[in-house]
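> Chains as they are written, first to last, in full-length UniProt numbering: chain A, 1 to 201; chain B, 1 to 201.
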DNA sequence: CAAATGACAAATAATATTATTTGTCATTTG
DNA sequence: CAAATGACAAATAATATTATTTGTCATTTG
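(1) Can you tell which of 149/B, 118/B and 33/B has the C-alpha that lies nearest to the C-alpha of residue 199/B?
(2) Quick one: grab the DSSP three-state call for residue 149/A.
(3) If you draw a straight line from the C-alpha of residue 71/B to the C-alpha of residue 64/B, how long is it?
(4) To be precise: take each residue of the region 91-119 of chain A, compare its Cβ to all Cβ atoms of chain B, and keep it if any distance is under 9 Å. Which residues remain?
(5) By DSSP, does residue 187/B sit in helix, in strand, or in coil?
(6) Can you tell me the Cα-Cα spacing of residue 4/A and residue 13/A, whole angstroms?
(7) With 8 Å as the threshold, decide whether the Cβ of residue 121/A is near any Cβ in chain B.
(8) Closer than 9 Å, Cβ to Cβ, to anything on chain A: give me those residues from the region 5-25 of chain B, in chain order.
(9) Determine the direct distance from the alpha carbon of residue 7/A to that of residue 161/B, and round the result to whole angstroms.
(10) Within the 8 Å Cβ cut-off, does residue 151/B reach chain A?
(11) In chain A, which residues lie with their C-beta within 9 Å of the C-beta of residue 157/B?
(12) DSSP state of residue 36/A, grouped into three classes?
(13) Can you name the start and end residues of the alpha helix (DSSP H) that residue 142/B belongs to?
(14) Spell out a yes or no on whether the region 155-171 of chain A and the region 175-194 of chain B are touching, meaning 3 or more CB-CB pairs, one atom from each, closer than 8 Å.
(15) Residues of chain A with a CB under 8 Å from the CB of residue 188/B: which are they?
(16) With 8 Å set as the bound, which would you pick, yes or no: does the beta-carbon of residue 85/A sit closer than that to a beta-carbon of chain B?
(17) Check for me: the alpha helix (DSSP H) holding residue 200/A runs from which residue to which?
(18) Here's a check: name, in chain order, each residue in its chain whose Cβ is nearer than 7 Å to the Cβ of residue 75/A, leaving out the five neighbours to either side.
(19) Residues of chain A with a CB under 9 Å from the CB of residue 29/B: which are they?
(20) Evaluate residue 166/A with the Cβ neighbour count: other Cβ atoms within 10 Å of its Cβ, from every protein chain shown; 16 or more gives buried, anything less gives exposed.
(21) Rounded to a whole number of angstroms, what is the C-alpha to C-alpha distance between residue 177/A and residue 102/A?
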């Protein structure tokens, strides 16, 4: 992780912070550890981030964008003749990604879980991003006459997000080990899908 | 809290434990504190409960039964010409009760939150109780042709429980302060209700 | 003799002490 | 002169030490 330019950039600091977080976990990484990895004094980091919390949040925000929102954007961008099926794929993928990172990138997932408790604003923005993506799929479904226009798109997106919280909210991560969790989502989805299509079939 | 009979009963111990939990909170109450309140040696309590965890769980189980399940049973028992509306009242009341105790009986609610993390079995039994009650209302709704028999009653009950987790699971308690929480439930319910009634209207 | 006691060891928690970390800012460096 | 440094105080965390709590069981009590 040698610096490419003469001056230290936010990105370089965030890269080093992420690496340190993965190694020591969010409880054990200090600003000093990150500075040590970069070969600079810890005071330098305070010229780029106003506080440790700001650095943690910046790293988490980027992680969410790259690891969760970007892969989901692929689904939204892909052409689909059945937007309702696509919406299910979208939500199933959201759940799958959360489960995957909870297991495979546990320290960064813990960081994200911590930030969820502390930085409500950042998380609200992230949820907003997810709901916007879902909104696109819902609108597409309405145009295809596969989803009934029973409420505003944004309300529907929010309701779908909340109704599936158990499957993607980090507070429930320990419940994801259950053998029946996939089946449980499947059944919740059946109910929601019937709600979305009501008065069409 | 003077003992009514010559021998110490489980109930007396649980009463004293509940009183102590309310006063000191689940983190600060020791078995010795409970024994002190009863005027007995702490060893005596171990003749009635195998461990502190068992006592905590017994108290929580009783609390859930009395404070949550019993009031809900009133709704289930009441005669209703519209079982679907009754089902909504049931779930709204479940949410209202959780919110009420989170605010008004915070130490016992904290005890319940702790137990939810530790004693999965006890909580699974409690959820089972709730789902049985919901099952009765769902069956009633099917008979009244207000709910479509799209899946097994127990599956529907479980799905409704999971889809509304955000509003009654203690891990979300801090989110219940949001001003829009009631409206959010209202919208999730609209979607679920349309799912439940699909192919009837 | 069933119920309760209380002395005891091991585990856990609380407190006191020491070490690290966070955040600032006057000074240094390229 | 913008960027980085490093000395410093205050806040926080880690460790060591002491006190309490948990759980057991041989003995006592009504």
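Glycine residues also receive a C-beta, built at the ideal position from the N, C-alpha and C atoms.
Reading it off the structure:
(1) 149/B
(2) coil
(3) 10 Å
(4) 117
(5) helix
(6) With a pLDDT of only 47 at residue 4/A, under 50, the local geometry of the prediction cannot be trusted, and the value read off the model is given with reservation. Their backbone Cα atoms lie some 12 Å apart in a straight line.
(7) no
(8) none
(9) 54 Å
(10) Judged by the 8 Å Cβ criterion, residue 151/B is in contact with chain A.
(11) Correct list: empty, because the minimum Cβ distance to chain A is about 10 Å.
(12) helix
(13) 120-143
(14) With the cut-off at 8 Å, the region 155-171 of chain A and the region 175-194 of chain B touch.
(15) What residue 188/B touches in chain A: 159, 162 and 163.
(16) no
(17) Residue 200/A -> no alpha helix (DSSP H), and no H or E assigned at all.
(18) Taken in chain order, the residues that qualify are 86, 89, 90 and 93.
(19) Near residue 29/B there are no residues of chain A at all, since even the closest Cβ is about 25 Å away, more than 9 Å.
(20) buried
(21) Pairing residue 177/A with residue 102/A, the inter-Cα distance amounts to about 11 Å.
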